[in-house]
Amino acid sequence: MTIFIASPSDLDSERETIRSAVDKINIAVGANHDLRLRVTTSENAVRDYGRPQSLINPLVRECDLFIGLLSRRWGTPTGEYDSGFEEEFETAISRRRNEDRPQILIWFKQPSAEELSDPGERLKKVLEFKSKLEKEHITYIQTFREIAEFSDQLQLSLFRAVLKELQHDQIHSPEGSMSSGHAIAEAPSEQPVDEAREQIASTLEAYLSLVTGKAGEHRYDSDRLLLFSLAASKDDEPIPPHTANRLYSRRQDISLSVAEHRLWTRGFLSDLWVGRTDSTRRVLPFWYFLSPYEGWTLEDLSDYVYQFLNDSDLSVACGALEFMRRIVIRPKALWGDVTTDAAIDHQDIAIQVPGSVVERWQEMLNGGGRQEAAISYLASMAMSRDVPLLNILIAKVIDPTIVVDVRAIRDNICGDPSGLIGLAVKSFGVPLEWQRTLILHGVPTANPSNLEALLHGRHKDDGLRLLAFEQLSKMGKLSADGLAALLWAEDVELQHRALQYALRDETPDYRSAAGKAFAQKSPSDKQKQRDLVLLALISTASELESMAFGPTKSIDAWEALCLQANESNLELARKVFDADGDEFTDVLKGVANIDSDVLDYIAAKVRKASLIYLTRVKSSSRTEGDGDRARKEFHRNHWLTLEAARFALAVLGAGQDVTALTVAQERDYVRDPRVCRALIDLAGTSVAKKLIQGNNARDAEIAATWLANSPAASEPDFLDLLYSAHGNVRMIALRALAARSSYEELINLMASYRQRAEGYFYNVVVELDRLLYAPGGKHPLHPKLSIDLPII
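So for the sequence shown, the numbering used here puts the first residue at 11; every next one is plus one.
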């Protein structure tokens, strides 16, 4: 919407006030392009040969709103009229009579009494012009004295002008859609009537009524106004989560303009990228709105989302790639038209790959902040038909790190996962999601050397190590070096399983080789742990027993014997515990000046080893007395045995121990998560709920997972957990509910979730939105997409 300002040179402040008001209107209620307010003046005229005013008049003929300002000056003659202002006004009036445009607003600055007493020639002409407008009722005029008064009048008048322009466009636009200024996938020819313009007009009318203090027929909706304003802004500001969620709660009554739909899509894609590895961080629901037209196909959705790859906000661009990865979209612009999926030799580049496809991938992989998202998408979507494309990218991509990634993806497709596994084991933390996903899919068919590689390296993913260990165990291909790597794993259970695997092997050479490899891998700060495991590996049970109870009374030998957990020595472990380690302390009691704390420490070490022994034997070999032993040690509350005693009591104890264990678990942080799991297995649902309500997020998540897998858990249990302070607990509960609920029941849950007094969480709404409306979710067929797709 173009505004032309006509005024002589004595109203500079007023012209700046108009520009400022226009900026505010653009932020608050302007529409993207079609209704963006733009100011022009005589200064915007083309400087060229000819009568100067004739170069200004085209601006008047093109404007949608003519604003005339007069004060004391009338202006300079143009050769055809007394002033430029007069010619510009007459041009506007003439056009208005013939075309019903532009809208015209005229202001006069009120002269002082002194000026009126002696007006002079210039002011006389202004007053004569004002009198003419009033007598002939040519147009509505307004007067003002101070700039503040003018500003108030101007804002109201501009709002009215915008509303009128909206109504004009609605009449002349059969589709009723607002242009977003960005290309959008062509919609099907038969579309439902777009109500967005009506809603926007009603919102603006209500706002105008609020500003003027006049009663209006429409309710003022600040959220709807903000959505429209942000969509109109040229600054690409994101939609606030609070606003989005309040609007989403009224989703069935809201129609989005093209600009609003684009705004919300951008927010949704950004939110998807930010929360890609942690769904608890998601705050923007949008699946309900995502397909704006009935009958959209996968190709329509693909074309629409593809446009956001060029977004100036990198989180939006990366989110578009993440979206396409999750919903399995392969736009032709990124993959070409190759239809065969036959196996292709990875050296064969005979298949023609369009240059535009290669250039697009180069653009994403060579820099600009999209490499992580692009590689993840490439790894998830590439198949054998795409090997020629991957070969070209390997040759043309600049970043050597990305080249390594692409080569690993290509080789994995062609049956060689060694490069992919090499990337994973070199990571300092958990491997990247795309690496881990491809490896998990390949474990069942991987060869022993690749599986062995997963056991080594500096990565922190003991889950991958466990899978590789299990597969190698089935194959009987676990090397001594691989076993040694497992014995140094962070996971206590993985260490134990590896040790038990080694002890089952009756071949002394294998155990000796494993012990040697284990010793070589030992960190400098874990010498004690190394010595104990080495003893357990290279010694038989009888050898360890001889060392433990021979003349030297080796405590290390006793601990190593307990690590072996050989059931033939079970009664010996009970005897040693019951004797409080006397056999190991008696030899020292006769030593002069022996500190009682030393004796206490030795006895505690012996009891701790015995308890560990009792927890590792088969449950059928345990007795009620074992529970009594664990209970006794638990109540000793000895600093050295504290954690081992809690775990032992949770494994060996009974119902009478639940209260004491629960109090201790809530009071103190326990490093070993097995203690929490064992406690819940012992106590059941009531303690699981209690731990969920506590402050320990890890224990709460363990308890929620246990509850989700428990047949005794009921629907009300999970409904309550949707309001938990722990984000992961909410997600676990919601997915458990979804597995037990129909589509209609989830619809009811969406409606009722916001109603509880304690408030609600956005990530639950986001996940419900996905479950209900995302392709592949609970809806039997997406309400707008005419296709069925895998769940994301």
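Even for Gly, the Cβ is constructed at its ideal location relative to N, Cα and C.
- Following the DSSP letters along the chain, one finds Val627 in no alpha helix (DSSP H), marked with neither H nor E.
- Ala434 is positioned such that its CB atom lies no closer than 8 Å to that of Arg420.
- Judged by DSSP in its simplified three-state form, Leu235 adopts helix.
- If one requires a minimum length of 4 residues, the alpha helix (DSSP H) runs lying completely within the stretch 225-286 are 232-242, 251-258, 268-284, in chain order.
- Under the Cβ criterion (8 Å, minimum of three pairs), the stretch 148-166 counts as touching the stretch 106-121.
- Thr50 and Leu75 have their C-alpha atoms some 10 Å from each other.
- Judged by DSSP in its simplified three-state form, Gln152 adopts strand.
- Note on geometry: alpha-carbon atoms of Glu125 and Arg207 lie some 48 Å from one another.
- The C-beta separation of Leu388 from Val367 comes to about 12 Å, leaving the pair out of contact by the 8 Å criterion.
- An exposed status is given to Phe438, since fewer than 16 other beta-carbon atoms sit within 10 Å of its beta-carbon.
- Every beta strand (DSSP E) of 3 residues or more that sits fully in the stretch 120-173 is shown, in chain order, as 151-154.
- Distances from the CA of Ala225 to each of Phe479, Glu159, Glu215 were compared; the closest alpha carbon is that of Glu215.
- Residues Ser81, Arg82, Arg83 of the same chain have their beta carbon placed closer than 7 Å to that of Asp20, with the five preceding and five following residues left out of the count.
- Close CB contacts of Ala570 within its chain, under the 7 Å cut and outside five residues either way in sequence, are with Leu542, Leu545, Ala546, Ser549, Leu554 (chain order).
- Under the 10 Å beta carbon count, Ile408 is surrounded by fewer than 16 other beta carbons and is classified as exposed.
- Secondary structure note for Thr12: it is in no alpha helix (DSSP H), and the uninterrupted beta strand (DSSP E) holding it is 12-16.
- The three-state secondary structure of Leu75, taken from DSSP, is strand.
- Buried is the label assigned to Ile210, since at least 16 other Cβ atoms lie within 10 Å of its Cβ.
- With contact defined as three or more Cβ pairs closer than 8 Å, the stretch 687-706 and the stretch 720-731 are in contact.
- If you draw a straight line from the Cα of Ser578 to the Cα of Arg507, it is about 19 Å long.
- Residue pairing by DSSP places Phe118 opposite Leu80, Thr153 in a beta bridge.
- A Cβ-Cβ contact shorter than 8 Å links Ser161 with Thr27.
- Judged by DSSP secondary structure, Arg48 falls within the beta strand (DSSP E) whose first and last residues are 48-50.
- Counting the other CB atoms within 10 Å of its CB gives Pro295 a total of 16 or more, which places it among the buried residues.
- Each of Arg708, Pro721, Ala761 was checked against the Cα of Val739, and the nearest Cα belongs to Arg708.
- Restricting attention to alpha helix (DSSP H) runs no shorter than 4 residues, the stretch 539-599 encloses them at 551-559, 565-574, 580-588, 592-599, ordered along the chain.
- Judged by their CB atoms, Leu493 and Ala524 are nearer to each other than the 8 Å cut-off.
- Scanning Lys342, Lys628, Tyr623 for the CA closest to the CA of Ala655 turns up Tyr623.
- Rounded to whole angstroms, the separation of the alpha carbons of Ser552 and Lys526 is 21 Å.
- Just so you know, the alpha carbons of Met485 and Pro250 end up roughly 54 Å apart.
- The C-beta of His736 has 16 or more other C-beta atoms within 10 Å across all chains shown, which makes the residue buried.
- In the DSSP assignment, Gln113 is bridged to Leu75.
- Per DSSP, reduced to three states, the secondary structure at Thr307 is coil, with no helix or strand assignment.
- With respect to the 8 Å criterion, Val685 and Phe657 are classified as neighbours on the basis of their beta carbons.
- Thr651 sits in coil when the DSSP states are folded into three classes, being neither helix nor strand.
- Ile404 sits in a helix when the DSSP states are folded into three classes.
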